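Asker: Got a structure here, written out as structure tokens. Questions coming.
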Amino acid sequence: MKINQLAGAILIASGLSVSGVAAADEWKYSLGTDISSGAYGDSEDTEIVSTPFTVSYSPSASWTFKASLPWTSIEGPGGVVPGGDGGIVIGPGNGRGNGNGGNQTGDEVVITEESGLGDLWLTGTYSLQPIAQQYFVDLSAKYKLPVADEDKGLGTGEADYTLQAEVFTVVDNFTPFVTVARKYKGDLPETELRDVWYTSVGSGYRLSEIASVGASLDYQQAATAESDAQTEIFGYYSHKLSNQWTGMLYGYLGLADGSPDQGFGFQVSYRPAD
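As structure tokens, this is what we get:
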């Protein structure tokens, strides 16, 4: 889900925390839906709907642990594998045994529709002590448990992991940030996947004590020799509904063949009262 990659900067911009991203001994539960559509360099569009449920726990102001499991639906020619950390574009005509790869006759393109549980992502984040009381650094490690059905094209069937660093600061009502990540991919049976770099540059803006907006430019290298890099513009609106509830709306536009043409989603988060 796109929003998860910007969690730290968004929380700061929303005014939910100023010293460390999360309070000590805090639980949070989130549910959202992400809908995207695009050709990804293929002749037909792929549509993905992902509804992840996420549980996070912060035993201290420095540590946050998170588990996220989505229900995913995908319809398309089989050149895209959905995922909670950006997904994988295999390339046109490369289906997972369900799309047009190996099943294409002449100009015929076979469109399939599948749904089921996606992969389970586990994340641990360590927030460094603020530098000069204004620069914040989050270091994260993510691990994918491949529980999704690879025969349906809902996952690769291989474990992945990601190492990520996010740096952000507060300048008046603005929260500029930079995220850099290295994603290590497990290979598919007939396709070698590259380890890729991901980066995001943007800023949040605090509208009030309960609302913020933000935008970023995101880039990720291509995972295969047949696919293209991903470049997207992303924007969000976050609103603190109460001390326990927060809502968020977001959307994004693809600027490269490796990205969806467009996508949007929402997320609702709940923090139990102390």
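For the sequence shown, the residue numbers in numbering that gives the first Met the number 0 are 0 to 273. Glycine included, every Cβ here is placed at the ideal spot set by N, Cα and C. For clarity, every value in this text was computed on a predicted model and none was experimentally measured.
Here's the rule: buried if 16 or more other CB atoms are within 10 angstroms of the residue's CB, otherwise exposed. What is G203?
Answerer: Along the sequence shown, read from residue 1 onward, the residue named residue 203 stands at position 204. Buried.
Asker: For F135, which residues in the same chain have their Cβ closer than 6 Å to its Cβ, ignoring the five residues on either side in sequence?
Answerer: As a working note, residue 135 is residue 136 in the sequence shown. Excluding positions up to five away in sequence, the list reads P129 and F167.
Asker: Could you check whether the stretch 22-34 touches the stretch 260-269, counting it as contact only if at least three pairs of C-beta atoms, one from each stretch, sit closer than 8 Å?
Answerer: yes
Asker: Check each candidate in N172, D171 and T178 and name the one with the smallest Cα separation from A164.
Answerer: In the sequence shown, residue 164 corresponds to position 165, counting from 1. The candidate whose alpha carbon is nearest that of A164 is T178.
Asker: My assumption, with CB atoms under 8 Å, is that G75 sits in contact with S258. Please give the rounded CB distance.
Answerer: On the sequence shown, residue 75 is found 76 positions in, with the first residue counted as 1. On the sequence shown, residue 258 is found 259 positions in, with the first residue counted as 1. In fact, because the Cβ distance is near 14 Å, the residues do not count as touching under 8 Å.
Asker: Using CA atoms only, rank isn't needed, just tell me which of V146, D84 and A60 is closest to K184.
Answerer: Position 185 of the sequence shown, counted from the first residue, corresponds to residue 184. Selected option, being the one with the closest Cα: D84.
Asker: Taking the straight line between their C-alpha atoms, what separation do you get for R181 and E112?
Answerer: As a position in the sequence shown, residue 181 is number 182, starting the count at 1. As a position in the sequence shown, residue 112 is number 113, starting the count at 1. Roughly 31 Å between the two C-alpha positions.
Asker: When you compare only the Cα positions, how much space is there between E189 and G250?
Answerer: As a first step, residue 189 must be located in the sequence shown, where it is residue number 190. As a first step, residue 250 must be located in the sequence shown, where it is residue number 251. Going from the Cα of E189 to the Cα of G250 covers about 34 Å.
Asker: Between the C-alpha atoms of L144 and P175, what's the straight-line distance to the nearest angstrom?
Answerer: Within the sequence shown, numbered from 1, the residue matching residue 144 stands at position 145. Within the sequence shown, numbered from 1, the residue matching residue 175 stands at position 176. Cα to Cα, L144 sits roughly 32 Å from P175.
Asker: What residue range is occupied by the uninterrupted beta strand (DSSP E) comprising Y251?
Answerer: Taking the sequence shown and counting its residues from 1, one reaches residue 251 at position 252. From DSSP, the beta strand (DSSP E) with Y251 extends over W244 to G253.
Asker: What does a CB cutoff of less than 8 Å around L192 pick up in its chain, not counting 5 residues either side in sequence?
Answerer: Translated into positions along the sequence shown, residue 192 becomes position 193. I87, T155, K184, G185, D186, A222 and T223, listed in sequence order.
Asker: So, at 6 Å on beta carbons, what are the nonlocal neighbours of D41 in its own chain, with the 5 sequence-adjacent residues on each side left out?
Answerer: Indexing the sequence shown from 1 puts residue 41 at position 42. Taken in chain order, the residues that qualify are P76, G78 and P91.
Asker: Put K151 into one of helix, strand or coil per three-state DSSP.
Answerer: Taking the sequence shown and counting its residues from 1, the one referred to as residue 151 is at position 152. Of the three classes helix, strand and coil, the one that applies to K151 here is helix, per DSSP.
Asker: Please report how far the alpha carbon of S72 lies from the alpha carbon of E231, in whole angstroms.
Answerer: For the purposes of this step, residue 72 is taken as residue 73 along the sequence shown, with counting starting at 1. For the purposes of this step, residue 231 is taken as residue 232 along the sequence shown, with counting starting at 1. Here the alpha carbons of E231 and S72 stand approximately 22 Å from one another.
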